[in-house]
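In our numbering, the protein residues as written are 31 to 92. All residues carry an ideal CB built from backbone N, CA and C; glycine is no exception.
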């Protein structure tokens, strides 16, 4: 699924899967998940740049 892939999310469902949240999640839930994942995958912190970009695109899509 999209949650295990670093590919760019294309739908709301893909974006939610990338962020690890349900489709019915609130904006606050999305922001909380985005921030946690961004910290975990940020390249400056030793994370995976591709995964970080996928997380960014997912949050922007929502």
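Annotation: residue 92 is outside any alpha helix (DSSP H) and is labelled neither H nor E by DSSP. Residue 85 sits close to residue 48, with the two beta carbons spaced by under 9 Å.
Just so you know, the alpha carbons of residue 73 and residue 65 end up roughly 14 Å apart.
Cβ atoms of residue 79 and residue 45 stay farther apart than 8 Å, at about 19 Å. If you look at residue 48, you'll find it in the alpha helix (DSSP H) that goes 42 to 49. The straight-line gap separating the alpha-carbon atoms of residue 54 and residue 75 is approximately 31 Å.
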